Every structure is written in structure tokens, then in C-alpha cells.
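This report concerns only the one structure given below.
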Amino acid sequence: MPIPSALVTLLVGMALVLSGLWVGYNVNVLPLDASANAPVYDALFRVLFSIGTILFVGIVGLVLFSLVRFRRRAGDITDGQAIEGNLLLEIVWTAIPAIVVLFVGLYSYDIYERMGGMSSLNDHAAMHRMAPTETETMEASVGAGSAVSAPAARVWGGIGVAADDVNVLPVEVTAMQFAFIFHYPDGDITSGELHVPNGRPVELRMKANDVIHAFWVPQFRIKQDVIPGQPTVLTFTPTKSGSYPIVCAELCGPYHGGMRSTVVVHEPDAYDAWFEKNSPLAATVASASLTPTA
Amino acid sequence: MTVASPNDFQESLQPQGWLRYFSFSLDHKVIGLQYLVTGFIFYFIGGALAGVIRAELASPISDFVGRETYNEVLTLHGTVMIFLWIVPVVNGGFGNYLIPFYVGARDMAFPRLNAVAFWMIPPAGILLIGSYFITGSAQSGWTAYPPLSITTPALGQVVWIVSVLLLGGSSIFGGINFIATILKLRRPGLKLMQLPMYCWAMLGTSILVVLSTPVLAGTLLLLSFDIVAHTGFFNPAMGGNVVVYQHLFWFYSHPAVYIMVLPAFGLVSEILPIHSRKPLFGYTTMVYSIMAIVVLGLVVWAHHMFTSGTPPWMRLFFTIATSFIAVPTGIKFFNWLATLWGGKLALNSAMLFSCAFIVNFVFGGITGVALAQVPFDIHVHDTYFVVGHFHYIVYGGTVFVIFASIYHWYPKFTGRMLNEDLGRLHFLLTFIGFNLCFAPQHWLGLNGMPRRVAEYDPSFTTLNQISSVGALLMAISSLPFLYNVLVSAFRGRVAGDNPWNALTPEWLTSSPPPVENWVGEAPLVEHPYGYGVPEDTLSVAAATGRDLWSGAGRR
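If you read the protein sequences in the order shown, they are chains A and B.
With the first letter of the first sequence counted as 1, position 152 gets the number 685 in the working numbering; the numbers rise by one all the way through.
With the first letter of the second sequence counted as 1, position 364 gets the number 401 in the working numbering; the numbers rise by one all the way through.
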């Protein structure tokens with residue numbers, strides 16, 4: 534053999550890793566990133582895509598190489614070598630995937646924290662510290678009209694639960710067969726479309742009237758089930774003006790596929806104009822934030 | 038323990054000849070083939086239902102079937118394919134046929150229970166599919182999440198529950214039988230660590246079946262109480278909790294994925310060494326990784342619920358646990374690759390389907406590890422990305438293995454070979470059709486198409502049509518297969534006892550085997566994978582340094 538096989542293996546491996554990284558950083562299969570956590574998500578996606586490409590191409594390469602190189606020639610009735618195992622090799626390919634998944638797990642934990650996924654842990658602690666305030670907040674957000682407000686003492690998961698930013702825009706979301714209804718407690722606006730200003734955090738306080746629905750905006754990379762009997766919260770900060778689809782992602786009945794709406798991200802001025810035009814209350818009320826400072 | 042012998046019935050009540058296959062036979066081989074053929078009938082029914090789904094999705098508006106019908110069809114498709122096709126075929130079908138051979142027994146430990154387990158399947162299947170024509174079938178998906186399953190038409194949902202309970206019961210009976218057979222009916226002298234890998238896969242699978250299926254049964258009973266007796270276990274209007282149902286449901290239904298793929302892992306471990314003419318690489322680590330998958334498989338269920346109301350710590354725990362399943366699964370795949378390496382690979386249909394299984398399953402596994410990451414999952418949960426992912430696992434994984442196994446064991450079942458050219462055509466059409474059908478679905482999910490919808494954003498039309506063309510190719514691919522298995526049974530080349538020169542015990546008897554498996558004593562197979570030329574007999578002139586090095590770990 535003119536070139537040592539170890540060297541060939543090393544070069545092939547390096548080429549594989551480099552091309553995997555290149556593919557991961559140039560892949561463009563995701564929709565527009567229109568919220569603050571979308572670029573964070575996309576970074577995770579690129580890392581996963583790189584690792585996945587390296588593994589997949591490597592394994593498919595090995596299978597194809599084996600099928601061609603080690604195919605049985607016509608007339609050959611002999612056996613291959615009686616290799617029953619190799620402890621060192623088996624340790625190596627136990628350790629490598631273990632390290633890779635550990636790295637991926639830790640990295641995605643970091644991403645999850647940056648997306649605000651862990652904040653409800655802190656919120657849970659806050660609930661115990663300021664119990665009365667918390668109860669008031671909950672009643673305000675769940676709404677007096679809710680028939681299922683009994684378990685409201687606890688808000689169930691979501692991304693970016695209860696951001697303590699005073700600037701946050703609260704919107705109550707009611708999901709029903711087959712529509713999302715958005716209610717702005719600040720201006721007493723009820724709308725079938727979600728209108729939000731660019732750059733301001735939005736807190737969706739969601740409840741379902743009948744069956745489980747799921748609120749999904751692909752361009753924001755967020756999704757949260759809307760569960761009857763269990764209010765959920767979802768926080769996001771839009772970063773790009775435009776209209777994006779709101780999709781129900783949980784089978785909710787015959788018209789599930791038609792349960793769609795639109796989120797319109799306005800520039801702040803345009804949002805204020807929309808708000809004043811639609812609010813039955815005086816514009817002054819809207820400007821004074823009613824956001825509870827929990 | 039008294040072991041009923043098929044001979045007890047053989048001369049008096051039991052019909053002989055082809056009628057055996059329609060009887061309450063106690064012969065494990067007859068029962069195995071009963072499972073297999075019944076499973077294939079339901080596979081074609083489920084495939085036709087998939088055809089309805091892909092026809093509906095060829096256009097972005099709901100125009101092919103009514104909306105309620107569409108939801109009935111997707112519910113039936115999922116339920117039929119899981120409970121009437123994959124689970125019965127890879128467990129009941131191949132398990133019943135092969136396990137008694139592998140342990141050196143004349144039959145399963147409980148032959149009557151075995152026959153009962155099989156005969157629960159046809160009524161359950163007829164009930165499930167018949168419900169569509171009589172009462173209207175369930176519309177809430179195969180997951181039957183309340184409150185939707187409580188509010189959709191009750192009769193269809195109750196029939197669905199009864200049917201799944203029957204199938205779950207059949208599965209539990211089968212699981213008990215496999216555990217007893219593998220642990221108790223081994224031929225004297227045969228040690229556990231000498232068993233063919235499929236026995237270990239079935240032992241692990243059966244442990245999962247016995248531990249998790251009763252949870253599903255209990256859950257569905259409570260759900261039926263909610264529907265029929267208006268109790269409030271899962272009904273939020275009566276103080277019930279819908280997320281509890283999801284926990285209980287997935288406590289079974291995630292292990293169900295391993296109930297569907299572990300036997301396939303076992304079957305591939307039998308097929309690859311024979312057609313590579315090499316021992317199975319790393320037998321011991323294969324056994325331990327099966328058991329690791331069993332243990333981990335029980336503690337990962339909540340990754341199906343990352344967007345439900347789950348607290349952050351739970352999301353994290355299940356992310357880590359799910360990711361770590363990739364480690365034992367990875368070991369198995371690397372070991373298969375090492376089994377291929379340096380072998381003498383026969384590129385026949387069984388080998389091609391097995392290698393395609395490796396490719397498809399690795400792809401599905403990679404998307405699976407990605408889906409285990411909470412932040413990633415929150416975007417793509419309940420989208421076509423997930424649909425693509427799990428079809429790569431259950432179709433690209435298990436169904437490809439079922440086809441590989443048919444090509445591999447058909448000579449044993451019938452005594453005749455299948456036509457290889459038709460087999461390769463079947464493989465090619467299936468592989469292309471499958472990838473064309475399911476690969477685009479990943480992009481659709483990432484870009485905003487939720488699953489279980491009859492209508493979608495018109496910008497997704499082209500890729501959906503490509504996917505539908507792939508589904509059509511898959512349907513066409515079953516024609517050469519059907520022709521092959523039907524015609525070869527009568528006109529195929531006579532196989533002989535051991536056409537593959539295999540060492541596992543099912544080949545050490547006639548094809549098809551006699552009623553009690555072997556005419557004389559059962560053979561003692563201590564090295565089921567003892568293929569290959571030991572390296573000390575290699576020609577010194579031809580051997581490379583690596584050949585010698587790679588044998589360093591040989592036991």
C-alpha cells in the first residue's frame with residue numbers, strides 16, 4: 534500500500550468534519566428569524582446540523598464502502614475473518630457518542646436558559662415570597678370569565694414565563710375550536726389577530742375553552758400547548774416587523790388545519806396608532822402601564 | 038411446569054395441511070405465520086389509509102375526503118400500523134417462529150396462551166376497522182388525548198379503546214410467553230450468553246411490554262369511564278387533569294417505540310453475520326446495550342410533552358435521559374458496521390434491506406437526538422418534522438427489517454427461495470419511494486407545517502406533492518413483493534434445508550421444519566455466529582498488519 538491506511542483514514546476524517554461544519558454553517562432551511570430567541574435557536578440548529586451531517590455522512594460512507602469493497606465476488610464461497618470483537622474499539626465508540634450527547638445536552642441547556650426556559654423556576658420561588666401579589670396577578674391574567682380558573686394558583690411551564698420587565702405587554706389568549714382570541718387588558722381590545730410592537734417583550738397568558746390547542750409561530754421558534762384547566766404563559770420579543778402565521782399545532786378537531794391566525798409585528802409608532810384606534814378606553818389609560826409588577 | 042405439546046391435539050381435533058393456518062393451532066410456527074400474514078393484511082389496509090392521507094395532502098385545501106373522515110383516517114392509520122402491523126409482526130410473528138428454535142425448544146412455554154394471544158388480534162382489528170363503517174371510528178389521533186377524545190363521537194372512541202385493550206392484552210400474553218420461553222425452556226447446556234441476539238432483543242422487548250402495556254390499559258380504562266360514565270379523571274370541566282393522561286399514555290407509548298425497534302435490532306443481528314460470513318461483532322456489548330435501552334426507554338416518556346404543561350426540571354431531565362439512549366443505540370450500529378467490515382457481503386435483498394435499515398435508522402436517530410433537545414423540540418413538536426422522524430424510525434427502521442427478514446427466512450417458512458431480481462426491484466422502489474416520501478417532511482415541519490392537518494399553507498404544495506409521489510412509489514413497490522411471495526411459494530427454486538449456510542438452529546432442520554422442530558434431539562449451538570476464518574489460519578503473505586491488530590480483542 535503506497536499511502537499508509539492510517540493517514541488516509543485521518544485525512545478522510547478531517548475532510549468529513551470540516552465539510553460537516555461547513556454544511557452546518559451554511560445550511561438555510563429555517564424560516565425567517567423574527568424574535569429575540571430565534572437566532573439563539575438557529576445557532577443550536579446549526580450545531581446539531583453539523584454533528585448530524587458528520588455522523589450521517591460518515592456512517593453512510595462506511596456502509597457504502599463496505600458494500601462495494603467487501604462484496605462477495607462470483608464464485609467466492611469462503612468466509613470473512615472471524616473477528617468477534619475488539620474491546621478498545623468498543624470503548625472508543627461508546628465514549629465518543631457519550632461525549633457528543635453530553636456536549637449537546639449541556640449546550641442545549643444553555644440555549645434553553647437563554648431562551649428563558651428556566652425562568653419559571655425563579656418564578657416558582659417568587660410565588661412563595663410574594664404570595665398575595667402573585668394571586669392577584671393570576672386572577673388578572675386568567676380572567677374572571679374563565680370557567681376553569683380553579684387551578685389558577687399555578688402557571689404551567691412555557692418559555693420565558695413571567696418576565697419581570699415592567700415594559701412587558703400582556704395579552705390574554707383564549708383558544709377554542711377553531712380560533713385564537715386575543716384580549717389586551719391594557720386597552721380592553723379583543724382581536725382575532727395578534728398585534729404587537731417590534732422590540733417589546735410580549736407575555737401571552739393562555740387558556741383553552743374546550744380541548745388542547747397549541748400556539749405556534751414558526752418565525753418566532755416558540756410553541757406552547759394551550760391546555761384547558763391549566764393556564765400557560767409564553768413570552769417572546771419580536772425583532773422584525775411583518776406578518777407571520779399563528780398555527781395551531783395540536784389536533785383539536787375537524788377544522789384543526791384551518792385554525793390559523795396572524796401575528797402582526799408593527800413598528801412601535803404604528804402599534805400605538807393601531808392600539809388607539811381600536812381601544813374603547815381612553816388613550817391615556819393605555820399609555821399608563823397596567824402591567825402588574827410581580 | 039407441564040408443557041403442552043402440539044402433538045396432544047395433532048391427531049384428534051387439529052386440522053392438517055393448509056387448514057392449520059385458520060385453526061386454533063398450538064404450533065409456534067403456525068402461530069408465527071398466522072401473525073405474519075395477518076400483519077401483512079393490516080399493513081396493506083394501513084397503507085391504503087396512508088394513501089388517502091397523501092392524496093388529501095396533494096393539494097393545500099381540504100378536498101379529497103371530509104374533515105371528520107380525514108381525522109378518522111389518520112387515527113386508523115396510526116393505530117393499525119402500530120398495533121396491528123409492526124408490534125404483532127416483529128414480536129408475535131418472528132418471535133413465535135424463531136424463539137423456540139433459538140432456545141432449542143419444541144414449542145413456546147405456553148402454547149395455548151400463545152394461540153389465545155394471536156386469536157385476540159383478528160377480532161380487535163375487525164372491530165377497529167369495522168367501526169369506521171358502522172359507528173364512525175375515533176377521530177382523536179392514535180394518542181387519543183383528552184379532552185378531544187372525550188368530546189368527539191363517543192361510540193367510535195369506545196370501540197377504539199376496546200380494540201386497543203384487546204391488542205394490548207395480546208401483546209402482554211405474548212411478552213409473558215417470550216420471557217418464560219427464553220428463561221425456562223432453554224435446551225440443557227445452552228447458556229444465556231450463547232443465545233442468538235434476537236433472543237436478547239425479545240427478552241428486553243418483552244420486559245418492556247410487561248412493564249408498560251398495563252399502564253396503557255389502565256389509562257384507557259379511565260378514559261373510557263370519562264366517556265361512558267362521565268367521570269372526571271381527565272375531564273378539566275370536572276376537575277380532571279389532561280396532562281396526567283399524557284404522562285400515563287407516553288409511559289407506555291414511548292417504550293412502544295422500543296417494542297417496535299428492539300426486535301428489529303435483533304433480526305438484523307441475525308441477518309448481517311450470515312450474509313457477511315463473519316461473526317456478530319461485540320456480542321457482549323450488544324447484549325448490554327439492549328438492556329441499557331430497556332432501562333433508559335422507561336424513563337424518557339416526557340420528551341413527547343415538552344410543550345405541554347411540564348416544569349423546567351422535568352424538561353431537562355428528559356432531555357438528558359433521551360439523549361443518552363443514543364449511546365447504547367450507537368454501540369449497536371457501530372457493531373453492525375464492524376460486522377460488515379472485512380466480510381464477504383452477499384448483496385442480496387436481505388442484505389440490501391438491512392443496510393438500508395442502518396442508513397434510515399441512523400438518519401432517524403440523529404433527528405431523534407435533535408428532538409430530545411427541549412429548545413429544538415419546542416419549535417418542531419407536533420409538526421411534519423416529527424412525522425418524518427418517526428417514519429424514519431418505524432418504517433425506515435423496522436419495516437425495512439421486516440422485509441429483510443422475509444427475504445431471509447422465506448426459504449425456511451416455505452422451503453422455496455424468493456426471486457432475487459424481484460427482491461432487488463422491490464428494494465429499489467421502496468428505498469427511493471420511502472426517502473422521497475419522508476425526507477421532505479422534515480423541511481415542511483421546520484418551516485411551519487403542523488401534523489394531522491387536512492389543509493396547509495399553499496407555499497408547501499410542491500414538497501407535499503413530492504412526498505405524495507414517494508408514497509405512490511412505496512405503494513407500487515409492494516406489487517413485485519406480493520407477486521414474489523405468492524408465486525414463489527409454488528414456483529420458487531427449492532431452497533433445501535440451509536440455503537444460506539447458516540449456523541443458527543432454525544436452519545439445522547428441514548425447510549419447512551417438522552411439527553416438533555427437529556426430528557431427533559435439538560442441536561446444541563454454542564456459537565451461533567461462529568462464521569469466518571480464524572486469523573491464525575490467514576495466509577501470512579496476504580495478511581496486513583491491521584488484520585492482525587484488529588483481532589487483538591478476540592475472546
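From the three backbone atoms N, C-alpha and C, an ideal C-beta is built for every residue, glycine too.
Keep in mind that this is a model prediction, so the values were computed, not measured.
Beta-carbon contacts of residue i that lie in its chain and below 6 Å, excluding the five residues immediately before and after
i: F101 of chain B; result: A92, E93
i: L481 of chain B; result: Y421, F497, L500
i: V780 of chain A; result: W749, R793
i: T668 of chain A; result: Low confidence applies to T668 of chain A: its pLDDT is 38, below 50, so where it sits in the model is not reliable, and the reading given next is rough at best. Result list for T668 of chain A: empty, nothing under 6 Å.
i: Y574 of chain A; result: R754
i: A508 of chain B; result: R91, C474
Limits of the beta strand (DSSP E) - the one that residue i falls within
i: D758 of chain A; result: 755-759
i: S776 of chain A; result: 775-781
i: V750 of chain A; result: 746-750
i: A491 of chain B; result: Premise fails: A491 of chain B is in no beta strand (DSSP E) and is neither H nor E.
Residue span of the alpha helix (DSSP H) that contains residue i, given as start and end
i: E809 of chain A; result: 801-811
i: L389 of chain B; result: 386-409
i: E457 of chain B; result: 457-483
i: A512 of chain B; result: 498-528
i: E307 of chain B; result: 279-313
i: W555 of chain B; result: Premise fails: W555 of chain B is in no alpha helix (DSSP H) and is neither H nor E.
i: N133 of chain B; result: 131-140
i: E93 of chain B; result: 65-93
i: A161 of chain B; result: 158-171
i: F440 of chain B; result: 437-451
i: Y642 of chain A; result: 620-647
Sequence-distant residues of the same chain with beta carbon closer than 7 Å to residue i, five excluded per side
i: L543 of chain A; result: none
i: G34 of chain B; result: What the structure shows of chain B is the stretch from 38 to 592, and residue 34 of chain B is not part of that stretch, so it cannot be assessed.
i: L655 of chain B; result: In the structure as shown, chain B starts at 38 and stops at 592, and residue 655 of chain B therefore has no counterpart that could be examined.
i: F210 of chain B; result: L150, V153, A154
i: A532 of chain B; result: P448, G452, R453, M454, S548
Residue i in three-state terms, based on DSSP
i: F343 of chain B; result: coil
i: T768 of chain A; result: strand
i: E705 of chain A; result: strand
i: F713 of chain A; result: strand
i: L382 of chain B; result: strand
i: E563 of chain B; result: coil
i: I722 of chain A; result: strand
i: R733 of chain A; result: coil
i: M739 of chain A; result: strand
i: Q53 of chain B; result: coil
i: S207 of chain B; result: helix
i: T546 of chain B; result: coil
i: L232 of chain B; result: coil
i: T795 of chain A; result: strand
i: H728 of chain A; result: strand
i: V570 of chain B; result: strand
i: V531 of chain B; result: strand
i: R604 of chain A; result: strand
i: G676 of chain A; result: Here G676 of chain A scores only 38 on pLDDT, less than 50, and its place in the model should not be relied on; the value that follows carries that caveat. Residue state, collapsed to three classes: coil.
i: T420 of chain B; result: strand
i: Q614 of chain A; result: strand
Same chain, Cβ closer than 8 Å to residue i, neighbours up to 5 away in sequence not counted
i: A712 of chain A; result: G725, M792, S794
i: Y58 of chain B; result: V67, L70, Q71, V74
i: E492 of chain B; result: P97, I98, S99
Chain-ordered residues of the segment 584-596 of chain A with a beta carbon less than 7 Å from chain B: Only those residues of the segment 584-596 of chain A whose C-beta falls short of 7 Å from the nearest C-beta of chain B are listed: G585, L588, F589, I592, V593, L595, V596.
Members of the segment 753-765 of chain A near chain B, C-beta cut-off 8 Å: So the close ones are R754, I755, K756, Q757, D758, I760, P761, G762, Q763, T765.
Contact residues within the segment 775-790 of chain A, judged by C-beta distance below 8 Å to chain B: P778, V780, C781, A782, E783, L784, C785, G786, P787, Y788, H789, G790
Contact set between the segment 734-749 of chain A and chain B, restricted to residues whose Cβ is under 8 Å from the partner: The segment 734-749 of chain A vs chain B, Cβ under 8 Å: D743, V744, I745, A747, W749.
Contact list for the segment 594-617 of chain A against chain B, Cβ threshold 7 Å: L595, V596, S599, L600, F603, R604, R605, D609, T611, D612, G613, Q614, A615, I616, E617
Short-range partners of chain A found in the segment 209-236 of chain B, where Cβ spacing is below 7 Å: Answer in chain order: no residues at all.
Chain A contacts made by the segment 399-426 of chain B, where a contact means CB separation under 7 Å: V399, F400, I403, V406, A407, Q410, V411, P412, F413, I415, H416, H418, D419, T420
Contact list for the segment 623-645 of chain A against chain B, Cβ threshold 7 Å: Of all residues in the segment 623-645 of chain A, E623, W626, T627, P630, A631, V634, V637, G638, S641, Y642, I644, Y645 have a Cβ within less than 7 Å of some Cβ in chain B.
Positions along the segment 464-477 of chain B whose CB lies within less than 7 Å of some CB in chain A: none
Members of the segment 308-342 of chain B that neighbour chain A once the beta carbon cut-off is set at 9 Å: H312, S313, R314, K315, P316, L317, F318, G319, Y320, T321, T322, S326, M342
Chain A contacts from the segment 354-378 of chain B (Cβ-Cβ distance under 8 Å): T356, I357, S360, F361, A363, V364, G367, I368, F370, F371, N372, L374, A375, L377, W378
Proximal residues, the segment 260-282 of chain B versus chain A, C-beta separation under 8 Å: P273, A274, G276, G277, N278, V279, V280
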